[in-house]
Amino acid sequence: MGNVLVITEHMKGEFQDISFEMLGQARKLSTGGSCSALVYGSMKDRSSELGAADRVLCVGGSDDFNPETYASAALQIIQSEFPDLVLVGSTSMGIDLAPVLGVSLDLPIISYCSCIEISGDNFEFTSQLYSGKMDVKSTAPKAVAMVLAGSFSAEDGKSGGSASVENVTADFGVGRVQFKELIEPEAAEVDITQSDILVAVGRGIGGKDDIEVAQELAKNLNADLACSRPVVDAGWLPKSCQVGKSGLKVNPKVYIALGISGAPEHLEGMKDVSTIIAINTDKNAPIFDVAHYGMTGDLFDICEELEDSLS
Amino acid sequence: MQMELDKVHMKVAVLLKQVPDLAEELEVDESGKALDTEYIKFRLNEYDEHALEEAVCLKEAGQATEIVAFALDGEEVDKALFSAMAKGADKAVKLTGPEVEGSRQAAALFAETLGMDYDLIMTGVQSVDDRDGMMGPMLSSMLKVPCVSVVTRVEGKESSVTVHKEYFGGLMAAFDVQLPAVLGIQAARQTPRYAPVSKVRQIQQSAIIEEKSASGVSGSATSKVTTMAPPTKTGGAKILGSVDELMELLKKKGVA
Ligand SMILES: Cc1cc2nc3c(=O)[nH]c(=O)nc-3n(C[C@H](O)[C@H](O)[C@H](O)COP(=O)(O)OP(=O)(O)OC[C@H]3O[C@@H](n4cnc5c(N)ncnc54)[C@H](O)[C@@H]3O)c2cc1C
Ligand SMILES: Nc1ncnc2c1ncn2[C@@H]1O[C@H](COP(=O)(O)O)[C@@H](O)[C@H]1O
């Protein structure tokens with residue numbers, strides 16, 4: 005064991021942080037072996053940023069992600085390199101790649117990895133299941149692991165020497181999936197990535213009409229309103245308010261989470277905020293592990309009392 | 237008559253999975269490796285609600301002709317299947333037979349059962365307990381058909397679909413995907429509809445769930461679970477006892 009391959013991810017000419025996070029960890033896990041990074045398209049020109057790797061394997065192809073072509077190319081590289089461990093982001097792109105690689109190569113797939121260690125002849129993985137309510141440990145000598153963003157230090161993957169940059173040829177599939185275009189988000193009324201204070205609501209708010217309660221609180225605290233994904237999917241608030249993996253990464257001074265459970269996908273967008281205050285009826289909600297201050301109780305009761313003290 | 241040109245005759249399979257309701261208190265069973273499911277409530281994976289909704293929207297738009305809802309036998313599965321019919325699925329099929337462990341085995345079972353009978357197989361994007369991978373792309377790989385996951389919009393064409401795949405911050409990409417294909421649905425174009433209890437009950441009396449026995453699941457590469465436990469607390473929040481304390485904190489932080 006000891007050969008680790010990282011499938012890098014990029015968007016608009018920049019490596020995503022997850023690439024560096026995986027690379028830093030791959031570096032640590034590849035003692036006695038080699039640490040390689042697979043890059044697509046013109047990202048080859050940015051290979052110097054991947055100095056934490058021993059080798060950067062450049063497959064060429066389009067810069068635009070395509071589930072079929074990217075998986076097909078990765079598959080070939082893995083078949084010729086025989087890595088013990090393949091790291092893929094637990095991201096929108098990774099969801100399209102890792103399961104396909106695992107099945108095609110008959111390797112175990114490990115979802116939602118927040119920790120990977122070496123244990124004897126095996127890798128030991130920690131998966132965050134049930135929206136972060138359970139940690140499951142598993143072992144395998146070889147695997148394709150899907151790494152949750154924010155689990156490892158990106159800094160570790162940014163430091164290091166210089167990797168050897170190699171061109172490798174790969175087959176890009178038969179063209180059953182065609183990339184057409186990127187669709188930019190609609191302009192937002194408020195840019196929550198710039199907010200000083202955020203009042204964020206989750207499914208615990210219960211319904212569209214009750215959003216008012218949070219709106220009122222936000223107004224009184226001079227805060228902007230943010231939310232978790234289900235609130236957007238239910239049509240209670242616009243997409244531009246969504247914090248998390250498929251939403252925005254925010255960094256206000258204070259983040260007040262009302263009725264948000266703290267799923268890994270939500271935490272990805274806010275866990276580095278310096279002051280997080282969580283209000284939730286469930287004392288076991290994972291949000292309390294990342295929050296600095298918490299109150300267990302009904303958000304409506306607490307908001308009402310708070311309004312009274314504020315006025 | 238003009239609209240006729242846009243009509244597409246897709247046959248769609250929607251795969252439904254029951255997952256533990258996370259509002260419940262979760263406990264580990266005696267083995268120390270799995271969830272104790274004895275007292276747990278199960279509910280339909282929320283992304284499956286979206287997959288079904290998007291399928292029904294396709295049918296309403298004249299782009300799908302038949303929707304068949306599939307589920308593996310298990311906790312409260314009949315309820316989910318009847319409710320799917322109440323929302324617009326034409327048929328419901330329950331697969332009975334072998335004990336299935338994890339999404340990978342389930343994928344193998346569905347690959348065998350569904351084969352190439354459907355133009356489009358719609359699954360949820362993921363679920364809270366798919367420790368061994370997401371089924372949509374695994375299934376596509378077994379069937380050797382294309383897959384796009386994290387999809388929020390599907391448009392049917394003659395022999396392909398155009399889909400929107402979500403990245404982050406509201407950024408998306410559009411893809412054309414040749415049929416037959418598998419899609420992992422993140423969100424439907426609209427909020428999933430609700431089936432009134434009366435309608436579900438009516439369906440329960442008039443419709444039947446087709447049962448199909450599936451043959452054994454094949455072994456595939458797996459990792460070995462060693463433990464399951466609630467995460468060890470890393471510091472954690474300072475719990476405030478009253479709104480007065482919260483008020484004081486907000487003042488200290490310069491918020492109130
Ligand atoms: C590919 C992918 C991307 C995703 N991206 C994102 C993302 O960007 N952002 C995101 O947020 N999620 C995202 N998710 C969804 C994520 O997995 C969770 O489902 C979601 O974060 C849960 O939102 P929630 O905490 O509001 O709801 P829930 O998990 O349902 O939690 C609601 C909470 O409210 C509490 N509550 C209920 N009533 C009250 C009350 N009266 N007072 C106080 N508390 C109450 C409950 O105890 C519970 O903890 C994504 C999922 C996938 C698959
Ligand atoms: N056991 C199962 N029975 C039916 N559908 C399933 C099953 N496992 C996974 N699926 C489908 O695959 C999707 C992704 O689930 P998962 O593989 O658990 O991430 C689900 O939303 C379902 O549509």
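Protein chains in written order, with our numbering: chain P, 5 to 315; chain F, 237 to 492.
Idealized CB from N, CA, C, for every residue including glycine.
Every value quoted in this text rests on a predicted model; they were computed, and no experiment measured them.
* Give a yes or no on whether the C-beta atoms belonging to P/Ser34 and P/Gly64 are separated by under 7 Å. => Going by C-beta atoms, P/Ser34 is not nearer than 7 Å to P/Gly64.
Q. Can F/Gln498 be considered in contact with ligand 1, in the sense that its beta carbon sits closer than 6 Å to one or more heavy atoms?
A. Since the displayed chain F opens at 237 and closes at 492, residue 498 of chain F lies outside it and no answer follows.
Handout entry: Run of the beta strand (DSSP E) containing F/Lys401, from where it starts to where it stops
Key = Residue range Ser396 to Glu402 is occupied by the beta strand (DSSP E) that includes F/Lys401.
Got a sec: is the Cβ-Cβ distance from P/Ser250 to anything in chain F below 7 Å? For P/Ser250, the nearest CB of chain F lies under 7 Å from its own CB, placing it at the interface with that chain.
Margin query: Among the candidates F/Ile303, F/Arg279, F/Asp284 and F/Ala305, whose CA atom is the shortest distance from the CA of F/Glu312?
Written below: F/Glu312 has its Cα closest to that of F/Arg279, out of F/Ile303, F/Arg279, F/Asp284 and F/Ala305.
- For F/His245, name the three-state secondary structure that DSSP assigns. Coil at F/His245, not helix or strand.
Say whether the segment 168 to 179 of chain P touches the segment 47 to 67 of chain P, bearing in mind that this needs 3 or more beta-carbon pairs closer than 8 Å, one atom from each stretch.
Enough Cβ pairs lie closer than 8 Å, so yes.
Q) Exposed or buried, which one is F/Gln341 when buried takes at least 16 other CB atoms within 10 Å? A) With at least 16 other beta carbons inside 10 angstroms of its own, F/Gln341 counts as buried.
Residue environment, F/Met237, which counts as buried when at least 16 other CB atoms sit within 10 Å:
The predicted model places F/Met237 with a pLDDT of 37, which falls under 50 and marks its position as unreliable; any figure quoted below should be read in that light. Using a 10 angstroms sphere on the CB of F/Met237, the tally of other CB atoms stays under 16, which defines it as exposed.
Looking only at C-alpha atoms, which of P/Leu89, P/Ile187 and P/Ser96 sits nearest to P/Lys146? Restricting attention to P/Leu89, P/Ile187 and P/Ser96, the CA atom closest to the CA of P/Lys146 is found in P/Leu89.
- request: Using 10 angstroms around the beta-carbon of F/Thr470, count the other beta-carbons present and answer buried if the total reaches 16, otherwise exposed.
  value: A residue is called buried once 16 or more other Cβ atoms fall within 10 Å of its Cβ, and F/Thr470, having fewer, is exposed.
*Using 10 angstroms around the beta-carbon of F/Ala259, count the other beta-carbons present and answer buried if the total reaches 16, otherwise exposed.*
Classification for F/Ala259: exposed.
query: Hey, is P/Ile122 close to ligand 1, as in C-beta under 6 Å from one of its heavy atoms?
result: Outside the cutoff, so no.
Is P/Lys137 near ligand 2 - that is, is its Cβ less than 6 Å away from at least one heavy atom of it?
In this structure, the C-beta of P/Lys137 stays at least 6 Å away from each heavy atom of ligand 2.
### Query
Is F/Asp314 near ligand 2, judged by its Cβ being under 6 Å from some heavy atom?
Checking the Cβ of F/Asp314 against ligand 2 gives no.
Report task. Taking 7 Å as the cut-off, decide whether the C-beta atoms of F/Leu485 and P/Tyr297 are in contact. Result -> Yes, Cβ-Cβ distance for F/Leu485 and P/Tyr297 is below 7 Å.
**OP:** Let me know the alpha helix (DSSP H) ranges lying completely inside the segment 399 to 470 of chain F, each 4 residues or longer, listed in chain order.
**Re:** Entirely contained in the segment 399 to 470 of chain F, the alpha helix (DSSP H) runs reaching 4 residues are, in chain order, 433 to 442.
According to the Cβ coordinates, are P/Ile291 and P/Gly263 closer than 7 Å?
The answer is no: Cβ separation not under 7 Å.
**Asked** Excluding sequence positions up to five away, which residues of its chain have a Cβ less than 7 Å from the Cβ of F/Ala316?
**Response** Around F/Ala316: Leu252, Gln254, Leu280 and Ala307.
Counting pairs of Cβ atoms below 8 Å between the segment 147 to 154 of chain P and the segment 101 to 108 of chain P, do you hit three or more?
-> By the C-beta criterion, the segment 147 to 154 of chain P is judged to be in contact with the segment 101 to 108 of chain P, since at least 3 inter-stretch pairs fall below 8 Å.
Q. With which residues is F/Leu280 paired in a DSSP beta bridge?
A. According to DSSP, F/Leu280 bridges with F/Gln254.
Next on the checklist: Counting only C-beta atoms, is P/Ile187 closer than 7 Å to chain F at any point?
Outcome noted: Under the Cβ distance rule, P/Ile187 counts among the residues neighbouring chain F, one pair being separated by less than 7 Å.
*Can you check whether the CB of F/Ile439 is closer than 7 Å to the CB of F/Ala291?*
Contact flag unset, no.
Using a threshold of 7 Å, state whether the C-beta atoms of F/Val361 and F/Tyr283 are closer than that. Their beta carbons are under 7 Å apart, which means F/Val361 touches F/Tyr283 by this criterion.
| Contact between the segment 411 to 425 of chain F and the segment 379 to 391 of chain F: three or more CB pairs below 8 Å? | They touch, by the three-pair rule.
Mind checking whether the beta-carbon of F/Asn281 lies closer than 6 Å to any heavy atom of ligand 2? At least one heavy atom of ligand 2 is nearer than 6 Å to the Cβ of F/Asn281, so yes.
With a cut-off of 8 Å on the beta carbons, I'd call P/Ser76 and P/Phe183 a contact; round off their distance for me.
Contact between P/Ser76 and P/Phe183 is ruled out by a C-beta separation of about 14 Å, above the 8 Å threshold.
Relative to the C-alpha of P/Gln219, which residue among P/Val277, P/Glu311, P/Cys117 and P/Ala167 is closest?
-> Nearest of P/Val277, P/Glu311, P/Cys117 and P/Ala167 to P/Gln219, Cα basis: P/Glu311.
Under 9 Å (Cβ pairs) to chain F, residues found in the segment 83 to 111 of chain P: The residues in question are Thr95, Ser96, Met97, Ile99, Asp100, Leu101, Ala102, Pro103, Val104, Leu105, Gly106, Val107, Ser108, Leu109, Asp110 and Leu111.
Which residues in the same chain as P/Glu72 place their Cβ atom closer than 7 Å to its Cβ, once the five residues preceding and following it in sequence are excluded? Taken in chain order, the residues that qualify are Gly177, Arg180 and Val181.
message: For P/Tyr297, would you say it is in contact with chain F, using Cβ-to-Cβ distances shorter than 7 Å as the test?
response: True, the Cβ-Cβ gap to chain F drops below 7 Å.
task = Report whether the distance from the Cβ of F/Lys253 to the nearest heavy atom of ligand 2 is below 6 Å.
result = Closer than 6 Å to some heavy atom of ligand 2: that describes the Cβ of F/Lys253.
Check: Whose Cβ in chain F lies nearer than 9 Å to the Cβ of P/Gly239?
Finding: Ordered by position in chain F, the residues that pass the 9 Å Cβ test against P/Gly239 are Gln426 and Thr427.
Problem set entry | Proximity test, Cβ basis, 7 Å: P/Ala289 and chain F | Not one chain F Cβ lies under 7 Å of P/Ala289.
- Message: Helix, strand or coil for P/Val43? Go by DSSP, reduced to three states.
- Response: If DSSP states are grouped into helix, strand and coil, P/Val43 belongs with the strands.
Check your understanding: Can the beta-carbon of F/Met370 be found less than 7 Å from the beta-carbon of F/Val250?
Key -> No, the pair does not count as a contact, with Cβ atoms beyond the cut-off.
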